[in-house]
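Undergrad:
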Amino acid sequence: MHHASEILFTLFVVFVAAQIGGEIAQRLKLPGVVGEIAAGCAIGPSLLGWITPEQIATGTPLDVLAEIGVILLLFAVGLETRLEDLKKVGKVAFVVGVVGVLVPFGMGSVWAHGNGFDWDRSLFVAAAFVATSAGITARVLQELNALQRIESKVILGAAVIDDILAMLLLGVVVSLQGGGSINASHLLVVLAGAVGFIAVIGWGGARIMRWNSSWLDRPLGPHSPLMIVLALCLGLAWLSTQFGLAAIIGAFLAGMIASETRQQHTLEKQTQPLLALLTPFFFVVTGSKVDLHELASADALLMLAVVTAIAIVSKFIGGWLGSLSLGRRSATIIGFGMVPRGEVGIVVATLGLAAGVFDNRIYAIIVAMSLLTAMVTPPVLAWLLKRSGNGETAVVVPDVKG
């Protein structure tokens, strides 16, 4: 009984801290996730000590809740990602998405290898540089009433492609951790397995659901569609781990499959309370695992500055090069719009720490990098959009729709 009471009190502290941190961040015009992670840092072992290392160890109730939270988060991202979206965003968004993944991944892996990581671990580090946090950029665009600009459509379209490529790369690097030294044949096997799993489950499942989803419309109870897709989410999350992939990949694919149903918008609304309840646990636990003492030295701060610079420059270059056909001003907006890492970089860092790929210092640096890119982007992007006005670059793109 005493143990249960202690767990409930810890959950109470974490949840309240998340709400306070998120509210403060939003009042400062920062993404709420920044405040939630900062709250985790504050109540974690490094500062106040309200959360102990034993309470956030693998398999503890808090750790399990955090894992469920991130699984639901990636499910929700997938729920907003339809295969049709990939056809509509056109050539520019596709190029931005692909180049915007390859450049950061290449620069990140070269930097990591040059700093003493073997290639397996270097690829894992590089994966944290890859995925754009579309949610942060979308919020800035929405607040500035800029969602109808062509740059906005390219950024958000490229983010869809970016997410899928990031999930694929994450699947590859997670699988590589169990296979010894990297070599061409092993890489091809892992890549084929990841591509095969994503193609069969994601593409095949979406096609089947689009072909016949009427069974989901037959109510077995007031919440039956939601219960069915949540079962699909948990089932595919488990199945992806059986293929050596991260659980979040299966959750993302489950969301993509569910997005093909007529219940998509209803499901999006119904999942919001679950996300509001559970995802804060992931971000607070993530922040609490950051050992701030690891960032106290001059060497660590220098490494953080270098990593953040690489993260910003590499993503900007990828987005800028991929969209030069729209003109330099639009390319600059798109380049900065692709910069924030946010949630996905943090997810990769968490997986790396759990797998023993990262030590506490590298983990702290990658999480801090994700936070810094999320904090820097909104004001810069807002300034660029206001400076560009509503000129021709906002409306003239001959091939955006393919």
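For the sequence shown, numbering that gives the first Met the number 0 begins at 0 and goes up steadily by one.
Every residue gets a Cβ at the ideal spot worked out from N, C-alpha and C, and that includes glycine.
Using three-state DSSP, classify Ala393 as helix, strand or coil.
TA: Here residue 393 refers to the residue found at position 394 of the sequence shown. For Ala393, the pLDDT reaches just 42, beneath the cut-off of 50, and the residue's location in the model is therefore unreliable, although a value from the coordinates is still provided. Helix.
Undergrad: Quick check: the Cα distance between Gln269 and Ala165, rounded to an integer number of angstroms?
TA: Walking along the sequence shown from the start, residue 269 turns up at place 270. Walking along the sequence shown from the start, residue 165 turns up at place 166. Going from the Cα of Gln269 to the Cα of Ala165 covers about 26 Å.
Undergrad: Excluding the 5 residues preceding and the 5 following Thr376 in the sequence, name in chain order all residues of the same chain whose CB lies nearer than 6 Å to its CB.
TA: Taking the first residue of the sequence shown as 1, we reach residue 376 at position 377. Val338, Pro339, listed in sequence order.
Undergrad: When you compare each of Gly344, Phe123, Ile332, Ile345 to Ile149 by their alpha carbons, which one comes out closest?
TA: Locating residue 149 in the sequence shown gives position 150, where the first residue counts as 1. Measuring from the Cα of Ile149, the nearest candidate turns out to be Ile332.
Undergrad: If we count the other Cβ atoms within 10 Å of its Cβ and call it buried at 16 or more, is Thr51 buried or exposed?
TA: To locate residue 51, count along the sequence shown from 1; it is residue 52. Flag for Thr51 reads exposed.
Undergrad: From Asp290 to Ser296, what distance separates their C-alpha atoms?
TA: As a working mapping, residue 290 is identified with position 291 in the sequence shown. As a working mapping, residue 296 is identified with position 297 in the sequence shown. The C-alpha of Ser296 is placed about 12 Å away from the C-alpha of Asp290.
Undergrad: Expressed to the nearest angstrom, what Euclidean distance is found between the alpha-carbon atoms of Gly334 and Phe357?
TA: If you number the sequence shown from 1, residue 334 lands on position 335. If you number the sequence shown from 1, residue 357 lands on position 358. Their Cα atoms are separated by approximately 29 Å.
Undergrad: Taking Asn359 as part of the alpha helix (DSSP H), name the residues at either end of that continuous run.
TA: For this step, residue 359 is matched to residue 360 along the sequence shown. Here the alpha helix (DSSP H) through Asn359 covers 359–387.
Undergrad: Are the CB atoms of Ala354 and Phe128 nearer to each other than 9 Å?
TA: Taking the sequence shown and counting its residues from 1, one reaches residue 354 at position 355. Taking the sequence shown and counting its residues from 1, one reaches residue 128 at position 129. Their beta carbons are not under 9 Å apart, which means Ala354 does not touch Phe128 by this criterion.
Undergrad: Cα-Cα, which of Val283, Ala367, Ser132 is closest to Gln18?
TA: On the sequence shown, position 19 is the one that residue 18 refers to. Comparing alpha carbon positions, the residue from Val283, Ala367, Ser132 closest to Gln18 is Val283.
Undergrad: Would you kindly check if the distance between the Cβ of Ile365 and the Cβ of Leu294 is under 9 Å?
TA: By one-based count along the sequence shown, residue 294 stands at place 295. By one-based count along the sequence shown, residue 365 stands at place 366. Cβ atoms of Leu294 and Ile365: not closer than 9 Å.
Undergrad: With respect to the alpha helix (DSSP H) encompassing Arg327, which residues constitute its N-terminal and C-terminal limits?
TA: One-based indexing of the sequence shown puts residue 327 at position 328. Where Arg327 is concerned, the enclosing alpha helix (DSSP H) stretches over 327–336.
Undergrad: Any idea what DSSP makes of Ser151, helix, strand or coil?
TA: Counting from one through the sequence shown, the residue named residue 151 turns up at place 152. Ser151: helix per DSSP, three-state reduction.
Undergrad: Consider the Cβ of Leu325: report whether some Cβ of chain C lies at a distance smaller than 9 Å.
TA: This model lacks chain C altogether, as it is built from one protein chain only.
Undergrad: Quick check on the burial criterion: 16 or more other C-beta atoms within 10 angstroms. Buried or exposed for Arg120?
TA: The residue given as residue 120 occupies position 121 in the sequence shown. For Arg120, the number of other beta carbons within 10 angstroms of its own is at least 16, and it is reported as buried.
Undergrad: Between the C-alpha atoms of Phe14 and Gly192, what's the straight-line distance to the nearest angstrom?
TA: Counting from one through the sequence shown, the residue named residue 14 turns up at place 15. Counting from one through the sequence shown, the residue named residue 192 turns up at place 193. Looking at the two C-alpha atoms, the distance is approximately 38 Å.
Undergrad: Since Ile55 is in the alpha helix (DSSP H), which residue starts that stretch and which ends it?
TA: What you label residue 55 is simply residue 56 of the sequence shown in a count that begins at 1. Run containing Ile55: none; DSSP gives neither H nor E here.
Undergrad: Going straight from the alpha carbon of Leu231 to that of Leu71, what length do you get?
TA: Reading the sequence shown from its first residue, position 232 is the one you call residue 231. Reading the sequence shown from its first residue, position 72 is the one you call residue 71. Their Cα atoms are separated by approximately 11 Å.
Undergrad: Can you name the start and end residues of the alpha helix (DSSP H) that Asp290 belongs to?
TA: Here the question's residue 290 lines up with position 291 in the sequence shown. Where Asp290 is concerned, there is no enclosing alpha helix (DSSP H), given that its DSSP letter is neither H nor E.
Undergrad: Ignore the nearest five residues each way along the sequence and tell me which others in Ala75's own chain have a CB closer than 7 Å to its CB.
TA: Taking the first residue of the sequence shown as position 1, residue 75 is located at position 76. These residues qualify, in order along the chain: Gly254, Thr270, Leu274.
Undergrad: Grouping DSSP H, G and I as helix and E and B as strand, with all else coil, what is Phe8?
TA: Along the sequence shown, read from residue 1 onward, the residue named residue 8 stands at position 9. Correct three-state label for Phe8: helix.
Undergrad: Quick one, are the C-beta atoms of Ser258 and Arg81 less than 9 Å apart?
TA: Counted from its first residue, the sequence shown places residue 258 at position 259. Counted from its first residue, the sequence shown places residue 81 at position 82. Result yes, Cβ atoms of Ser258 and Arg81 sit closer than 9 Å.
Undergrad: Using CA coordinates, which residue listed in Thr136, Ala245, Ser329 is at the minimum distance from Val69?
TA: Residue 69 sits at position 70 when you count from the first residue of the sequence shown. Nearest of Thr136, Ala245, Ser329 to Val69, Cα basis: Ala245.
Undergrad: Applying the 10 Å Cβ sphere with the 16-neighbour rule, what's the burial state of Glu35?
TA: For the purposes of this step, residue 35 is identified with residue 36 of the sequence shown, where counting begins at 1. The residue in question, Glu35, is buried, as its Cβ has 16 or more Cβ neighbours within 10 Å.
Undergrad: Quick one: is Trp382 buried, meaning 16 or more other Cβ sit within 10 Å of its Cβ, or exposed?
TA: What you label residue 382 is simply residue 383 of the sequence shown in a count that begins at 1. By the neighbour-count criterion, in which a residue is buried when 16 or more other Cβ atoms sit within 10 angstroms of its Cβ, Trp382 is exposed.
Undergrad: Just checking my contact of Leu47 with Ala41 at CB under 8 Å: how many whole Å lie between their CB atoms?
TA: Stepping through the sequence shown from its first residue, residue 47 is reached at position 48. Stepping through the sequence shown from its first residue, residue 41 is reached at position 42. Yes, they are in contact, since the Cβ atoms of Leu47 and Ala41 sit about 6 Å apart, within 8 Å.
Undergrad: Contact defined as beta carbons within less than 8 Å: I believe Val95 pairs with Gly344. What is the distance between those atoms, to the nearest angstrom?
TA: Within the sequence shown, residue 95 is the residue found at index 96, counting from 1. Within the sequence shown, residue 344 is the residue found at index 345, counting from 1. About 18 Å separates the beta carbons of Val95 and Gly344, which is beyond the 8 Å limit, so they are not a contact pair.
Undergrad: Could you check what DSSP says for Phe128 in three-state terms: helix, strand or coil?
TA: Mapped onto the sequence shown, residue 128 falls at position 129. In this structure, Phe128 counts as coil in the three-state DSSP scheme.
Undergrad: Mapping the DSSP letters down to three states, classify Ala354 as helix, strand or coil.
TA: Position 355 of the sequence shown, counting from 1, holds the residue named residue 354. Coil, per DSSP.
Undergrad: If we ignore side chains and look at the alpha-carbon of each, how far apart do Ala3 and Thr59 end up?
TA: Mapped onto the sequence shown, residue 3 falls at position 4. Mapped onto the sequence shown, residue 59 falls at position 60. If you take the alpha carbons of Ala3 and Thr59, they lie about 12 Å apart.
Undergrad: With a 10 Å radius around its C-beta and 16 neighbouring C-beta atoms as the bar for buried, classify Leu276 as buried or exposed.
TA: Translated into positions along the sequence shown, residue 276 becomes position 277. It counts as exposed.
Undergrad: Does DSSP classify Lys28 as helix, strand or coil?
TA: As a working mapping, residue 28 is identified with position 29 in the sequence shown. Coil at Lys28, not helix or strand.
Undergrad: For Ile207 and Leu252, what's the separation of their Cα atoms in angstroms?
TA: Along the sequence shown, read from residue 1 onward, the residue named residue 207 stands at position 208. Along the sequence shown, read from residue 1 onward, the residue named residue 252 stands at position 253. The alpha-carbon atoms of Ile207 and Leu252 are separated by roughly 13 Å.
Undergrad: Decide if Lys288 is buried, meaning its Cβ has at least 16 other Cβ atoms within 10 Å, or exposed.
TA: Here residue 288 refers to the residue found at position 289 of the sequence shown. Label assigned to Lys288: buried.
Undergrad: Quick check on the DSSP output: the alpha helix (DSSP H) that includes Leu323 runs from which residue to which?
TA: Mapped onto the sequence shown, residue 323 falls at position 324. Counting along the chain, Leu323 falls outside any alpha helix (DSSP H), and DSSP gives it neither H nor E.
Undergrad: Count the other CB atoms, across all protein chains shown, that sit within 10 Å of the CB of Phe11; report buried if there are 16 or more and exposed otherwise.
TA: Here residue 11 refers to the residue found at position 12 when the sequence shown is read from its first residue. With fewer than 16 Cβ atoms within 10 Å of its Cβ, Phe11 is classed as exposed.
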